[in-house]
Every structure is written in C-alpha cells, then in structure tokens.
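Take a look at the structure set out below.
Protein chains: 2
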Amino acid sequence: MNQPATDYRPMWTALGLDLEGHDALLSAIPVLYHDAYLTQTSRPEGMGYFDFVMSEIHGLRIKELVDHKAAGGTVVGTFCLYVPEEIIRALGGQCVGLCAGAEWAYGEVERILPQNTCALIKSFMGFKLGKVCPYAEACDLVVGETTCDGKKKAYELLGELAPVHVMELPQMKRPEDRVLWRTEIERLVTRLEEVSGRKLTAENLARAIKEVNDKRRALQRLNAARKASPVPISGKDALLAVQVAFYDDVPRFTAMVNKIADELEARVAAGEGVAPANAPRVLVTGTPMSVPNWKVYDVIEKAGGVVVMEEMCTGSRYYSKLVDESPRDTAGMLDALTDKYLDINCACFTPNTARLDDVIRLANEYHADGIVQCDLQFCTPYQIEATSVGRAAQAAGLPTLRIDTDYSANDIGQLSTRVEAFLEMLE
Amino acid sequence: MNQPATDYRPMWTALGLDLEGHDALLSAIPVLYHDAYLTQTSRPEGMGYFDFVMSEIHGLRIKELVDHKAAGGTVVGTFCLYVPEEIIRALGGQCVGLCAGAEWAYGEVERILPQNTCALIKSFMGFKLGKVCPYAEACDLVVGETTCDGKKKAYELLGELAPVHVMELPQMKRPEDRVLWRTEIERLVTRLEEVSGRKLTAENLARAIKEVNDKRRALQRLNAARKASPVPISGKDALLAVQVAFYDDVPRFTAMVNKIADELEARVAAGEGVAPANAPRVLVTGTPMSVPNWKVYDVIEKAGGVVVMEEMCTGSRYYSKLVDESPRDTAGMLDALTDKYLDINCACFTPNTARLDDVIRLANEYHADGIVQCDLQFCTPYQIEATSVGRAAQAAGLPTLRIDTDYSANDIGQLSTRVEAFLEMLE
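And the structure:
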C-alpha cells in the first residue's frame, strides 16, 4: 500500500479536517494494514482491489463523495446496520459507515463521555472532536439509532457538533414494535426528503433495494466459499470486504466482490486454500470491528487458526438477509424494509435467542472447531449476552474463548497467549 | 435499632433464604444504620417509625407479606419507577422494590455478568443468587423494564431464577411511543390478572390510584418543608422516607409520613432545624440509592452540608407527579397511568432535557447552593447525561460536584475530602 499520488490536502482543508492530526492518523493505517494484510500468503488476487481502496481510504473515495455532493447528491453517515441504506440511496444519497476502529482524542472525549464508554463510541466521538474523519466531515446528516445506552446518549452530544437524526429502534420484536419501527422508517424518509430535496418514489426505491440486495448477494457468494476446506480466503480478508462495504461505491463494490467470489469458487474447485486443511477453524461472534481494528483476527490467524465465519455486524448480520423485492408500491417496499431491518439479531433486543441459534447454525455450516466471542469492553448488551452464547455453545459441544477488548494494542501479547492455548485445544 | 424480638428464622427458611448469608447481611445493616442515622441530633420525632421499620426490615414486613399471600394476595417485585404500583394493588398485590444497595455474592454475579456492570444490577443479582433477600423470595412475579442495557439483559438471566415479566419502556416520548407504552400497560394488566386470579375493575383501580396518590401527596408535603431555612429534616432522613416507600404498607406509610409532615411544618413555623441556617444547602441528582446505600448523603451531612432535595428515583421522581384521578372508567384510568409513568424524566430517554429543567428548577425552589451529581459507575445513561446536567448547572450559576461511585466503602475517605472542599466553596 503506497501513499496516494494525488495531493488531497486542499480537499481535506475544505472539509475542515485538522491536517496535522489527520496526517498522523493516515500515516498509522498503512503500517497496520501492511502488517496484518500484506504479510499474508496465497491471497486471492481480487483482494488487490481492497489494497487499492485502503490506500485511497481518505483520498479517492472522499473525492468521489465530494464530487457527488457537488453534483447535488447527499452523504449520510450511519453507525449501525439498522439504518436502511436503501432509503438513503433512493433519495440520491451515499451511505457511509462512521463507526471508527482506532483510539483518537480520548483526552477530549473523556471530558464529555465517561471513561467506561465502549471503544467504538469513544472512537467516533474522538474522530469527530479531533476532526480527522473526512467521512464524518462530508456528511449532510448523521443517522443514529437507539441500539444501546452509550450511543443513544452520545448522539445527544454529537448533535451539538453535526446534524443528527436518531431512529428509535424498539427493544422487542412483537407486532407493536414493528408498528413503532415502521413509523421510524417513515420518519427517516421525511427527514431525508428534506435534506436531499428529493421525493421517494417506487422507482428510485426499487432500484436502491435491488442495488443493496446485489451487494448482499455478492457478499453471500464470497462468504459461502468459506465453508470449504481448505478455506480459500482468510478471515481477515473476508472481514475487510464487509468493512469496506460500509463506505465504498455500491455497484463497483458489488462487481469487485463478485469477481473475488468467482476466484474463490475456482479455488474451492481446485482445492486451493490460504491455510492448511487442518488449521483450526474458528467462528467469531460479538461486537463489530471497524477499520483499522483487525487485532483479534490477526492474532488468531498468525497463531495458525483461520476465521471461517463471523456472526457480527461486520459479518453475517450485514449481508445474510435480503429485502423482499416483490412489492411494487412504495408502501409495500417500506413494509419490506421494516421487516428486513427488524430481523437483525442484535443483543439490543430482549430476548435475542435467535442470535444464539444463528451462532450455532453458522458454526455448524462453516465447520467451525470453536467459537471466539469477541466483545468490546463496556458493551453491556453483548457482554451480558455472552453468558447465553457461551451456554448455547457448550450445549452444542463447541469450545469457546471469550475475549473482552478494546482498540489498543496493549493486550496483544496476552491475547496471543490465550488464543494459542485455545487453538491447541481445538487441534 | 435493636434486633427484633420475634424469631423469624422459620419464616426465612420457608422462603428458601440462605440463613447463614442472611444472618451476615442482617447483622451489617444495624451498624450502618446506627452510624448514619442514630448519631444525628434534633431528628423529627416521627422518624422513630422509620427506625422501627428498619429494625424489622426483614422481619415484620416480610411476615405481613407472607400473611398477605396466605390470605390469597400476591407480592410483586419491581426495580424501577416505571412499573405502575396502582395496577399491582388494584389486583390485590403488594408492590415491593427489589433494587438492592449493598454488595453481595459478587463472585457468583461476575460469573454471569461482566465486572463492569453497575452496582445496582450486580447487587440485585447477588441478592437473588445468594438467596438473602426475603422480598425477592416472597415474590409471585418480578416485573422488569427496558430502562437500560444492563437491566434489560440481566432480566434474561434473572428469568432463569424467578418468574419475570419485562415491560418495554420506549426511548422517546412522542405519540407513537405513548401508543407502545399504553399496550405495555395493558399487557401488564393481563399478566397480573393471570398471576392474581383477579380482574381489574374501575372500582379497584380507582381505589389503588387514590391510595398511591395519597402516598405521593404525603411525600410531597414532607419534602415541601425542606424549602425552609433552617431545614427541618436531614437529607438522609428524607431519603429514607422514599426508600421505605418502595416496600412499606401503603396506607400506614402515608399516615406516618403525614404525621412527620405535620411535625416538620410546626418546626418550620417555629424556625427549628436540624442544621444551622448557614449550612451549605445541596441538591443531589443522579441514580437511585437503595437501602442501605446512604454513603454520599452521610458524607455530605457529616461534612456540615445538608441535602435539601434530590432529583432522583429515590427522590422527586418518585412522588412529584400524580395520576389524574378524574377518569371514571378503566380505559380512562389506564390512559392516566400511561401518561403519568411516561412523564418520568429518566436518562433512558433521548432527549431528556426536561430532567435538566427539573434539576435547575428544584435547585432554585429549594434554595440549593450547589448540586452534587451522584451516579453509579457503569450507569451509562446517567453518566453521559451528567455532561448535560453539568452544563445546565453552570449556565444557571450553580456549582456542581460530580461523584461516580458504587456501594463499597473504599472511596469514603476520598469522597469526604472532595465533598469538604466543595462545601467550603459553597459557604
């Protein structure tokens, strides 16, 4: 990964970035990326696209977004799977994930958020306060949701720094909750129509539903190949594909992922893999991992294991379910979106036993030898649900390792020791 | 406070308590109570009732509940203001607050809940796992609510140990949220009708609404007297009144509190107080304090300050608003309950700016010289909202001290130093 050839500094200045801080951040990512990604062997050739995307993560893609805005489009930032990208796209918007995966400006953050806030929230708040995220600065609107106490209350403070719209996600999945969620979907339409100056139509919504479903279908293909032994792609590379899905151009991303899926299917047919057939196969489940948070995957795969599937928001929860494409009118499509998005099995719901079923089913389908539960420290919903996941895994005869961590590198040594012992047990 | 004369051990055994653990717990409370309460001077005579209640906290009151059950009544445990006591009472139930204010069985608790869980949740789970709470063991049903991530997910695990019904509290207060909350009230009625074998009627509900409003009116009277200078009752004693309100017999409690209010009004007329007129007056706001958690009040009042009001669930949020008594039919009464309970300004709502208004208004009405924000560590909603409360106080020219604490005694020395410095600043 080389430094981009183009000088993006005038663009970053125009976006209001703190150039000095941004330089420091940008210089750190290639080192992390090289160490985690470019040291891998037998990578699929198609991953070259992601190497390029990562080298231009704050460059070319931001220029595309800036050009998109100049042409009358909008950019909408999100932090969570529950915000329907389809509606954003139907109204001429580009949806970008703003979850951040690195520690930044924690000193400033801890003046307004408690020290015991999860790393994801501290990180996005730090990126915003430190003005180092061109995605955040390019947004016409940020759409939050009430998925957890930390985000729900942090959005109130974020709202002082940027225009924020919060969707109220219900906490159960009964018919009355669906009614509430349906009104939230409509409220989002209204807000985005105001921001974009456009009107939602059956045509633009149908097209957007198809586009985003195509992205999901491509990711489903890529990930289906991971059932094979030997596995044709590392867990780290599969994770990267989903991480990039959150902010890349949708049709281009879909085409590139389908190309990688072609390559993986050929590899599977030829019995080629990135790890020996007897490498311990791991399913990862827990809280999302945003760029550049590759820590636990890197530890697992450098220790000789291979991550074959992830039941995570940066994983199966992102792509495994499609929006019903059969409705022909806007109301029917909004119904379909309501159902699809309420059907994500996040620990913010009570009860959330369907997630336990997903974890065990995926572990079996992907022939996992064990499960690594990886949760962000202070993420109360996932940390408490980890007890139930652990019990379900035990009942299914699947060994589990529980990791509670953050974005720092301080625990890598300790994690490596624990992961190595766990993988030995799986062999 | 003496040991109760009656031998309650057969009753405790019948309830399934761990007698050894329970003995240890029960022996600790009188010491704490003596040190915090019985060392006070110029206490209102009426507080003798609470001394008696505290001496029989696991004795006489439990016997009343057991007798109530034997006579065909039910006992329903709650953790939160949002559960309508009126419905429980209308259906022949006694409502008891189960929030616990002491560390118990944390070793067992931390096997199923993360270490970074707030003390209130750890405490109630520890009391249940350790079988030391006769209130919890006497319950026919426990009614939880989705007010925070920690409780929401902990109820799933509590549900394995006791019958639990969870009410979904919405996270905003718009008309569509009221619709959801109204259905939750009805769902509670259905569940309690099943548990009690009784039917809700306009008669029994009207009577219960009147009884619980009378309790609130008595507490309003008691607390209104605290506006006077010198203040006629300590903050600690006023806190105790609300703490006891959560589990005492309602009509008896109301009568006793009205008696204390008579006494306080006479004191005010006579210019008598429990603290010098120039003692720094403090408003406390934050997370609830359950028996035997009197730590911060004790620190403030032993340092020469006096707590004149609390914007807390064990404070103004409990009694300041009444249920509308004008509806004559059940549906109208359920509407009134829906409105009243949704109108509590908990940090679980977003936005929750009405709480900021309450804090400043109460500080002014009660002539507070400063505000102590006291939140449980790991209580994300209140800890993040503390930033907004601090800003509102600053804008109103009110000095604030922020305390993040738990139920341990470890930080008393440090808290005393900080509180003394704060009170000096207020003088």
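Keeping their order, the protein sequence lines are chains A and B.
Quick note, the first sequence lines up with residues 600 to 1026 if you use the working numbering.
Quick note, the second sequence lines up with residues 600 to 1026 if you use the working numbering.
Note that beta-carbon positions come from the ideal geometry of N, C-alpha and C, so glycine has one too.
Query	Result
Through-space distance from L664 (chain B) to L629 (chain B), alpha-carbon basis	With the sequence shown as reference, residue 629 (chain B) is identified as Pro, and Leu is not the correct amino acid for it. Going from the Cα of P629 (chain B) to the Cα of L664 (chain B) covers about 22 Å.
L1090 (chain A) burial status per 10 Å Cβ neighbour count (16 or more: buried)	Summary: the structure shown does not reach residue 1090 (chain A), with chain A confined to residues 600 through 1026, and so no result is reported for it.
Among B:C945, B:E910, B:S987, the one whose alpha carbon lies nearest that of N549 (chain B)	The structure shown has nothing for residue 549 (chain B), since chain B only spans 600 to 1026.
Sequence-distant residues of its chain with Cβ nearer than 8 Å to G615 (chain A) (five each side left out)	K730, E736
From B:A805, B:E810, B:A860, residue whose alpha carbon lies closest to that of P831 (chain B)	B:A860
Proximal residues, the stretch 983-1006 of chain B versus chain A, C-beta separation under 9 Å	I983, E984, A985, T986, S987, D1003
Contact set between D748 (chain B) and chain A, taken where Cβ atoms lie within less than 7 Å	C747, D748, T979, P980
Any non-hydrogen atom of the ligand COA within 8 Å of D748 (chain A) CB	Here there are no bound small molecules, and the ligand COA is not part of this structure.
Simplified DSSP assignment, three categories, for L975 (chain B)	strand
Interface flag, C947 (chain B) vs chain A, CB-CB below 9 Å	yes
Interface residues of chain A facing N715 (chain B) [CB-CB closer than 9 Å]	N715, Q976, F977, T979, Q982, D1003
Assigned secondary structure, D1003 (chain B) (DSSP; H/G/I helix, E/B strand, else coil)	strand
Neighbourhood of A991 (chain A) by C-beta distance below 7 Å, restricted to the same chain and skipping five residues each side	L955, V958, I959
Rounded straight-line distance, which links the Cα of I656 (chain B) to that of M771 (chain A)	36 Å
Nearest residue (CA-CA) to A699 (chain B), options B:T746, B:Q693, B:S722, B:S833	B:S722
Whether T999 (chain A) touches K894 (chain A) by CB criterion (9 Å)	no
L936 (chain B) and P683 (chain B) closer than 9 Å at C-beta	yes
Assigned secondary structure, E783 (chain A) (DSSP; H/G/I helix, E/B strand, else coil)	helix
Interface partners of E765 (chain A) on chain B, CB under 7 Å	The displayed chain sequence assigns Val, not Glu, to residue 765 (chain A). Ordered by position in chain B, the residues that pass the 7 Å Cβ test against V765 (chain A) are T949.
Ranges of the alpha helix (DSSP H) found wholly within the stretch 747-784 of chain B, counting only runs of at least 4	748-757
Extent of the continuous beta strand (DSSP E) to which M908 (chain A) belongs	905-910
C-alpha distance - D897 (chain A) paired with F726 (chain A), whole-angstrom precision	24 Å
Local conformation of L955 (chain B) per DSSP, three classes	helix
N601 (chain B) (DSSP reduced to helix, strand or coil)	Bear in mind that a pLDDT of 47 at N601 (chain B), under 50, signals an unreliable position, so the number given afterwards is only what the model happens to contain. Of the three classes helix, strand and coil, the one that applies to N601 (chain B) here is coil, per DSSP.
Own chain residues within Cβ distance below 8 Å of Y965 (chain B), not counting five before or after	R825, K826, R880, L882, V907, M908
Exposed unless 16 or more other CB atoms sit within 10 angstroms - verdict on N601 (chain B)	Here the model assigns N601 (chain B) a pLDDT of 47, short of 50, so the residue's position is not dependable, and the following value carries that caveat. By the 10 Å Cβ count, N601 (chain B) comes out exposed.
A929 (chain B) - DSSP class collapsed to helix/strand/coil	It is Thr, not Ala, that sits at residue 929 (chain B) in the sequence shown. The answer is helix: DSSP assigns T929 (chain B) an H, G or I state.
Own chain residues within Cβ distance below 7 Å of A704 (chain A), not counting five before or after	G725, L728, G729
Backbone CA spacing between P887 (chain A) and L821 (chain B) [nearest angstrom]	50 Å
Of the residues B:A994, B:E792, B:A865, the one placed nearest T673 (chain B), counting alpha carbons only	B:E792
Where T1016 (chain B) sits in the DSSP three-state scheme	helix
Inter-residue Cα distance where the pair is V765 (chain B) and Y648 (chain B)	34 Å
Cβ-based burial, N877 (chain A) [other Cβ within 10 Å; buried from 16]	exposed
Below-9 Å beta-carbon distance, L779 (chain B) vs any chain A residue	yes
Short CB-CB distance (under 9 Å) between I661 (chain A) and chain B	no
Reference V776 (chain B), options B:L941, B:V1018, B:L1022, B:N1009, closest by Cα	Note that residue 776 (chain B) is Asp in the sequence shown, not Val. If we check each option's Cα against that of D776 (chain B), B:L941 comes out closest.
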